[in-house]
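>
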Amino acid sequence: MHTASLRPLFALSLLALVACSSGSEDPARSNGGGTVTDTGRPDTAGSDTGATTDTTDDTSIDPDTTADTTVDPDTTADTTVNPDTTADTAGDTADGYVCGSAPAYSGQIFGTDAPSGGVPLFVNNRSEFTYGDANIDEVISQFPTVDGDPTILPTPVVITGAIVVATSYMNTAAVPPSQSNFWVADSNGTVEVRLDFTNAANVPVTQIRVGHKLNFVVTAVDSYFGSGQVQAANSWELVEADTGVHVLERTATALTSADIGEVVRVEGTLTGGGAACGGSSKCYDLTYANGQVALYRSASSFLTIGQCVTFVGPLSQFDGAPQINVANFDWSWTAQ
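For the sequence shown, the positions run -5 to 330 when my numbering is used.
(1) Take glycine 238 as the anchor and find which of Ala156, Ala321, Cys277 and Asn284 has the nearest alpha-carbon.
(2) Taking glycine 314 and arginine 203 to be in contact with their CB atoms under 8 Å, please state how far apart those CB atoms are, rounded to whole angstroms.
(3) Go ahead and pull the three-state DSSP assignment for aspartate 279.
(4) Is it buried or exposed for asparagine 228, if we count other Cβ within 10 angstroms and need 16 for buried?
(5) Go ahead and label valine 92 buried or exposed: buried means 16 or more other beta carbons lie within 10 angstroms of its beta carbon, across all protein chains shown.
(6) Using three-state DSSP, classify glutamate 256 as helix, strand or coil.
(7) How many angstroms separate the CA atom of serine 294 from the CA atom of glycine 273?
(8) If I measure Cβ to Cβ from asparagine 119 and keep anything under 8 Å in the same chain, skipping five residues before and after, which residues do I get?
(9) So, leucine 309 versus valine 257, is the Cβ gap smaller than 9 Å?
(10) In the stretch 147 to 219, which residue ranges form an unbroken alpha helix (DSSP H) of at least 4 residues, counting only runs that do not cross its ends?
(11) Check whether the Cβ atoms of glutamine 102 and aspartate 324 lie closer than 9 Å to each other.
(12) Grab me the residues of glycine 183's own chain with a C-beta within less than 7 Å of its C-beta, minus the 5 sequence neighbours each way, in chain order.
(13) Considering only DSSP beta bridges, list what phenylalanine 312 is partnered with.
(14) Measuring alpha carbon to alpha carbon, tell me which residue in Ser95, Phe296 and Tyr99 is nearest valine 306.
(15) For serine 251, which residues in the same chain have their Cβ closer than 8 Å to its Cβ, ignoring the five residues on either side in sequence?
(16) Short of 8 Å in beta carbon distance, which residues of its chain neighbour valine 287, apart from the five on each side in sequence? Order them along the chain.
(17) Keeping to the same chain, check which residues put their C-beta closer than 6 Å to that of valine 169; ignore five residues upstream and five downstream.
(18) Ordered along the chain, which non-local residues of its own chain (more than five positions away) have a Cβ less than 7 Å from that of arginine 244?
(19) For threonine 263 and glycine 222, which I take to be in contact (beta-carbon distance under 8 Å), what is that distance rounded to the nearest angstrom?
(20) Just to confirm, are glutamine 201 and proline 109 a CB contact at a threshold of 9 Å?
(21) Would you give the residue range spanned by the beta strand (DSSP E) that glutamate 234 belongs to?
(22) Locate the alpha helix (DSSP H) running through glutamate 243, then write down its first and last residues.
(23) Mind checking which residues open and close the beta strand (DSSP E) that includes serine 326?
(24) Is the beta carbon of tryptophan 177 sitting closer than 9 Å to the one on glycine 255?
(25) Do proline 150 and valine 212 have their beta-carbon atoms positioned less than 9 Å apart in this structure?
(26) Figure out for me which residue from Phe116, Asn193 and Val199 has the closest Cα to the Cα of valine 159.
(27) When DSSP builds the beta bridges, which residues end up paired with leucine 289?
(28) Excluding the 5 residues flanking valine 303 on each side, which residues of the same chain have their C-beta closer than 8 Å to its C-beta?
(29) Alpha carbon to alpha carbon, how far is alanine 321 from serine 162?
(30) What are the start and end residues of the alpha helix (DSSP H) that includes valine 133?
(31) What first and last residue would you give for the beta strand (DSSP E) that runs through valine 117?
(32) Does phenylalanine 123 come out as helix, strand or coil in the three-state DSSP assignment?
(33) Can you give me the Cβ contacts of threonine 247 inside the same chain, cut-off strictly under 8 Å, excluding the 5 residues immediately before and after it?
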């Protein structure tokens, strides 16, 4: 049964599967009633800022083994002592690191600041997931085959022990997007949860964070641009915090349609593109895995061709093909 009354009056999907073409509004920025500005925090987290100290100073090469991540060894800004001539771009080997050789970034899956959390568990195949059966497959079986009005489930689906694997961004709205738009998984699948945040009764009382294990009851589902979503749920219960969160490592392996919707990690080089493709976003060619090319969509104002970028988040799609959509800046890191 369908009813138009359940469709939220806000932009429908954080991971709006938007073509790389012009558009008046970026759906990835419209949830939560606020405008999101790229502060550059995840983009500059790997920059040579000299924020922390190292046991040795930079001499002929930079001693980092993980490509200037959050622990930059310089005691002063790299402009004075770092011998790099290309500022840690994708081809910079002065650091002893080649883009894609040993990615270290884990996205939201770390730290103590909400909505981050959990423990990263990188695997190569979904068969290695150890979440258990939370009944996610039953939710997936209820998704409409075509886009339309939300479908009220005649028999609600009880979810027991699903793991929050990603969330939208945090802001100062009464109901931040991270509280109403997030992804949950078990060993059978991963689904997006997108709730009507205009009424506080529609969203969980407990704070949603990556790594949380939850019980809840799904009452309505929908499909948007071919991707199923949980539209309404209730009886939210936090079972456990900071659990393991599985991530499919795809830096050296080609993304496929089977990965769409899953949390993946991809590290590669921006080799082309940069044209506007909807709202404030631009689309780039991300070259990874020895020549594979993926569409990389982001509203970041800090991206340039030649940068090494790492993405850890839910894989989106456009026309059934994988698309990396950086709808939450915490999902990405760039070597500046």
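Just so you know, even glycine gets a beta-carbon here, dropped at the ideal spot from N, CA and C.
Quick caveat: nothing in here was measured; it's all calculated off a predicted structure.
Considering the structure as presented:
(1) Nearest option by C-alpha distance: Ala156.
(2) So it is not a contact: roughly 31 Å between Cβ atoms.
(3) Here aspartate 279 sits in strand by DSSP.
(4) Exposed, since its Cβ has fewer than 16 Cβ neighbours within 10 Å.
(5) The Cβ neighbour count for valine 92, taken over all protein chains shown within 10 Å, is under 16; the residue is labelled exposed.
(6) Here DSSP, grouped into helix, strand and coil, assigns glutamate 256 to coil.
(7) Looking at the two C-alpha atoms, the distance is approximately 12 Å.
(8) Cβ neighbours of asparagine 119 within its own chain (closer than 8 Å, five residues either side excluded): Leu242.
(9) It is a contact, given that the beta carbons lie within the stated cut-off.
(10) Segments of the alpha helix (DSSP H) lying fully in the stretch 147 to 219: 171 to 174.
(11) Contact: yes.
(12) Excluding residues up to 5 positions away in sequence, Ile130, Asp131 and Ile134 lie with their Cβ nearer than 7 Å to the Cβ of glycine 183 in the same chain.
(13) Beta-bridge partners of phenylalanine 312 (DSSP): Ala315.
(14) Nearest C-alpha to valine 306: Tyr99.
(15) Correct list, in chain order: Gln311, Gly314, Ala315 and Pro316.
(16) In its chain, beyond the 5 residues on either side, Thr265, Asp279, Leu280 and Thr281 have a beta carbon closer than 8 Å to the beta carbon of valine 287.
(17) Cβ within range, chain order: Phe191 and Val197.
(18) Same-chain partners within the cutoff: Asp253, Val258, Arg259 and Val260.
(19) About 33 Å separates the two Cβ atoms, so there is no contact after all.
(20) Proline 109 is positioned such that its CB atom lies closer than 9 Å to that of glutamine 201.
(21) From DSSP, the beta strand (DSSP E) with glutamate 234 extends over 221 to 234.
(22) That residue, glutamate 243, is in no alpha helix (DSSP H); its beta strand (DSSP E) goes 238 to 243.
(23) Here the beta strand (DSSP E) through serine 326 covers 326 to 329.
(24) A contact, by the Cβ cut-off of 9 Å.
(25) Their beta carbons are under 9 Å apart, which means valine 212 touches proline 150 by this criterion.
(26) For valine 159, the closest of Phe116, Asn193 and Val199 by C-alpha to C-alpha distance is Phe116.
(27) DSSP, once it has assigned bridges, lists Asp279 and Gln317 as partnering leucine 289.
(28) Leaving aside the five residues that flank valine 303 on each side, the residues in its chain whose CB is nearer than 8 Å to its CB run, in chain order, Glu261, Gly262, Thr263, Leu264, Leu280, Tyr290, Leu297, Ser326, Trp327, Thr328 and Ala329.
(29) Rounded to the nearest angstrom, the gap between the Cα atoms of alanine 321 and serine 162 is 7 Å.
(30) Taken as a continuous stretch (DSSP letters only), the alpha helix (DSSP H) holding valine 133 covers 130 to 135.
(31) Its beta strand (DSSP E) spans residues 113 to 117.
(32) It is coil, neither helix nor strand.
(33) Here the set comprises Asn118 and Ala283.
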